[in-house]
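Q:
There are 2 protein chains.
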Amino acid sequence: MKFIIKNTLFTAIVSELYKICSTKSLLPILSGIKIEANREGIVLTGGNSELFIEKTIPIQINEETVVEVHETGSVVVLSKHFMNLLKKLPDDIEISSDNLQSVLIKSGDIVTRMNGLHAADYPQLPKIEILHSVKLNFNSLKEVIKQTIFAVSKSDAKPVLTGVKMEFGNNKLTCIATDSHRLSRKEIEINFTEASHSIVVPNKSLTELLLLKESSFATVQISIGPNMIVFSTENTNLYSVLIEGNYPNTGSLIPEGFVTEITMDTKELISGIDRACVFSEEWKHNNVHLAVIDNSILKITTNSVGIGTIEEHQRISKVNGNPAMDMTFDGRFLLEALKGIQEEQVTISFGGMMKPAVICPKNDNSYVQLISPLRT
Amino acid sequence: MKFIIKNTLFTAIVSELYKICSTKSLLPILSGIKIEANREGIVLTGGNSELFIEKTIPIQINEETVVEVHETGSVVVLSKHFMNLLKKLPDDIEISSDNLQSVLIKSGDIVTRMNGLHAADYPQLPKIEILHSVKLNFNSLKEVIKQTIFAVSKSDAKPVLTGVKMEFGNNKLTCIATDSHRLSRKEIEINFTEASHSIVVPNKSLTELLLLKESSFATVQISIGPNMIVFSTENTNLYSVLIEGNYPNTGSLIPEGFVTEITMDTKELISGIDRACVFSEEWKHNNVHLAVIDNSILKITTNSVGIGTIEEHQRISKVNGNPAMDMTFDGRFLLEALKGIQEEQVTISFGGMMKPAVICPKNDNSYVQLISPLRT
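Here the protein sequences come in this chain order: A and B. Just so you know, the numbering used here puts 667 at position 284 of the first sequence, and the rest follows in order with no gaps. Just so you know, the numbering used here puts 707 at position 324 of the second sequence, and the rest follows in order with no gaps.
1. How is B:H464 classed by DSSP in three states: helix, strand or coil?
2. Can you tell me which residues form a DSSP beta bridge with B:H564?
3. The beta strand (DSSP E) with A:K674 in it runs from where to where?
4. Measuring alpha carbon to alpha carbon, tell me which residue in B:V688, B:T394 and B:R715 is nearest B:E477.
5. Hey, B:D709 and B:L757: beta-carbon distance below 8 Å or not?
6. For chain B, check one thing: does any of its Cβ atoms lie closer than 8 Å to the Cβ of A:T649?
7. Return the first residue and the last residue of the beta strand (DSSP E) that A:F600 is part of.
8. By a C-beta neighbour count over all protein chains shown, 10 Å radius and 16 as the cutoff for buried, is B:F575 buried or exposed?
9. Who are the Cβ neighbours of B:S755 in its own chain at under 7 Å, not counting the five residues just before and after it?
10. Whole angstroms is fine: what's the gap from A:A720's alpha carbon to A:V729's?
11. Decide if A:N746 is buried, meaning its Cβ has at least 16 other Cβ atoms within 10 Å, or exposed.
12. A:G704 to A:V751, Cα distance in whole Å?
13. From A:L410 to B:D648, what does the alpha carbon distance come to, in whole angstroms?
14. So the candidates are B:S581, B:F641 and B:F600; which of them puts its Cα closest to the Cα of B:P631?
15. Which whole-angstrom value describes the C-beta separation of A:I493 and A:L472, a residue pair presumed to lie in contact below a C-beta threshold of 8 Å?
16. Please tell me whether A:K389 and A:V449 are closer than 8 Å, where the distance is taken between their beta carbons.
17. If you drop the 5 nearest sequence neighbours on each side, which residues of the same chain put their C-beta closer than 6 Å to that of B:H668?
18. Can you find the residues in the same chain that come closer than 6 Å, C-beta to C-beta, to B:E644, ignoring five residues on each side of it along the sequence?
19. By a C-beta neighbour count over all protein chains shown, 10 Å radius and 16 as the cutoff for buried, is A:F533 buried or exposed?
20. Following the continuous alpha helix (DSSP H) through A:T764, name the residue where it begins and the one where it ends.
21. List the endpoints of the continuous beta strand (DSSP E) containing B:R698.
22. What is the rounded straight-line gap between the Cα of B:S623 and the Cα of B:I511?
23. In chain order, which beta strand (DSSP E) runs of at least 3 residues are fully inside the stretch 631 to 655 of chain A?
24. Check each candidate in B:K438, B:I425, B:M384 and B:I387 and name the one with the smallest Cα separation from B:E399.
25. Name the residues in the stretch 411 to 425 of chain A whose C-beta lies less than 9 Å from a C-beta of chain B; which are they?
26. Note down, in chain order, every chain B residue with its Cβ under 7 Å from the Cβ of A:V675.
27. Would you verify that the beta carbon of A:H464 is, or is not, closer than 8 Å to some beta carbon of chain B?
28. Return the residues of the stretch 677 to 691 of chain A that lie within a Cβ-Cβ distance of less than 7 Å from chain B, sorted by chain order.
29. Could you please tell me which residues of the stretch 493 to 524 of chain A, in chain order, have their CB closer than 8 Å to any CB of chain B?
30. My guess is that B:T545 and B:R568 are in contact by the Cβ rule of under 8 Å, so how many angstroms apart are they, rounded?
31. Throw me the rounded Cβ distance for the B:K683 and B:A659 pair, which I believe falls under 8 Å.
32. Which chain A residues are close to B:K471, counting only those with a beta carbon under 8 Å from its beta carbon?
33. Leaving out five residues before and five after B:K701 in sequence, what residues of the same chain have Cβ atoms less than 6 Å from its Cβ?
34. Relative to the alpha-carbon of B:E570, which residue among B:T616, B:N586 and B:K548 has its alpha-carbon at the smallest distance?
35. Quick one: Cα of B:A540 to Cα of B:D562, how far?
36. So is A:I693 in contact with chain B if we call contact Cβ pairs under 8 Å?
As structure tokens, then:
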């Protein structure tokens, strides 16, 4: 194997892959990155037991030649040292490997020789038996994931809740995440006329998907198999396992009707809740009290024993129903839910004593979040 | 106590003090910041058992009123929560305290009440009995500290080596730091005609001194007492204990003469040594070999067992003495030493087998560094 490549481009991709490489795997080769040079360009692969990312660097980008392949072949290099080295080399680098898997990296007067591993020992990416396939705008997919992923369960007690449920059907993609104290559901329109199909994708794989850099017009092709999913863009394939198990039926959880409904400025409310959480420490002092007063003011208060109290008044744009409301929520949950809302105005519906609050963008039911109140 | 202040200004100073406040002291009050409002402005004090910083915010800065004191008084607040709160408040804030040490922080519609502590319980700053007093440019002081402090010992085995020795005498200030494997010595001219006097200042106190933000023309007044030192600028006093004990006599360590002396481009050498250290991990794989070849090339090589080798050639501007030289050093020590040098060219003198190398800016003996070679 032998090729010459622009270092900035190459290092950026090696760094992306380095982050997902296993560092504590029983298979030491998983801490490496597989480099393959072929006639079409360079293919880099990195991953761990749940997730693989395969990146192609084509010979030309925007009609500019970025790679010169002199000899095809492949090798695996230790990702951490390889990345650290690349970061400190000038821009034009030549990478080659011999039959003994010794990798030679040359850049001007700097000559580095790294021990590599046999590419044949790197796990083969599984062949996927495609059940469904769907194409959509990559940015829309990222958006719907971002608006739900924060609500997944952080505990492994119920593994299925650590993933995001993706429901394909009726020309819609619905993403749902819940940790049983709160729930986030967002649906978007897609082109999908086949029979409905639901899968649960691990939180970690989606987090990596969100980090992939693509232009805002890029299209992503989703291929769903019996136990895996592949997200493909022009030069990237992300392979992820699926989480098996029965996802709870969340359809019946979302209440209809309300006792009190308020509509307010989203950004201002976010700052207010953020301030109210100032004295909170992890899971302590996190209780935020919301009360409607004078039919037009939301009073936000927290009381952290031993530290102090915070009280703030915000104007409500519109109150519907009973204006007497006083409930307590986890401030972090409120904050994360509100941060998912991009619209200027947010509507919060309170169902009364111990019923969950429903948070939506004003006049938009495609994005619904539930938060259970706290007992005080 | 009651005053109104610009929040950005106030928060910046509270954040500076927060960093030095004890978090794990037997005296819980040391995790607080003392706030004192008097007719001249606001005085904030924070510290730990080794070091205190006292900052004054005057009523006016550049003829603009930044503080309005309505009632004098003082109180102590928990630094962490206080800082986190301030960061999330708008710009104009009113702070007041009552006889029960309850601190009220108001900003628009946001009202916060924090529990404070009695200012009388905060440790009193010691009165200093001044033995010597010297004034110099603050930036020059920072520079001489920066150029030596990295060489202090990181181990507590010999406490005196964990500080920087400051020698005042003959119109000179000489700073020396050593961990017995390397040494850094820098001298600058000051106005000091009294009898010579040496002290050892803790590394931590000097690190905080380096972080103080002052204009480049600011003057610092150094007051030295029998067991403490105070650095004073216009609005800041930094009180530090001194380290007691006999600092080793380092004068005889610096060798005269050399076997091989090379002069090279500082920045290029820094990048080369930096690259050579790429495979090093903490204390492993840190050996950097330097060899002069062909009377004009410095060959920098590292060989990290199990990972690989790096080799780089750099042009030497000038070689004096015997051009056959091949020695091994700790790469991190070389790097830290070279980074202290601001001049374009650096001169390194090798004294031969197992003798320390001497690193100086070209044609400048006011800054001298020694590094012991490694056995290989």
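Glycine included, C-beta positions come from ideal geometry on N, C-alpha and C.
A: Working from what's here:
1. helix
2. Beta-bridge pairing by DSSP links B:H564 to no other residue.
3. Note that residue 674 of chain A is Ala in the sequence shown, not Lys. Note, A:A674: beta strand (DSSP E), N670 to I676.
4. B:T394
5. no
6. no
7. Looking at the DSSP string, A:F600 is not in any beta strand (DSSP E), and its letter there is neither H nor E.
8. buried
9. H564, R565 and P739
10. Taken atom to atom, the span from the alpha-carbon of A:A720 to that of A:V729 is near 11 Å.
11. Flag for A:N746 reads exposed.
12. 20 Å
13. 44 Å
14. Cα-wise, what sits closest to B:P631 is B:S581.
15. A:L472 and A:I493 do touch by the CB rule: their CB atoms are close to 6 Å apart, below 8 Å.
16. Remark: C-beta atoms of A:K389 and A:V449 approach each other more closely than 8 Å.
17. F662 and S687
18. N703, G704 and S732
19. buried
20. The structure shown does not extend to residue 764 of chain A, since chain A is modelled only from 384 to 759, so the question has no answer here.
21. G691 to R698
22. 11 Å
23. 643 to 648
24. B:K438
25. none
26. Under the 7 Å cutoff, chain B gives no residues; its nearest Cβ is about 15 Å from A:V675.
27. At a cut-off of 8 Å between beta-carbon atoms, A:H464 makes contact with chain B.
28. Contact residues of the stretch 677 to 691 of chain A toward chain B are G689, I690 and G691 (C-beta to C-beta distance below 7 Å).
29. I493, V494, T495, R496, M497 and N498
30. Actually they are not in contact, since the Cβ atoms of B:T545 and B:R568 sit about 17 Å apart, beyond 8 Å.
31. The sequence shown places Ile at residue 683 of chain B, rather than the Lys named in the question. Right, the Cβ-Cβ distance comes to about 5 Å (below 8 Å), so this counts as a contact.
32. S654, D657, R658 and V661
33. T646
34. B:K548
35. 10 Å
36. yes
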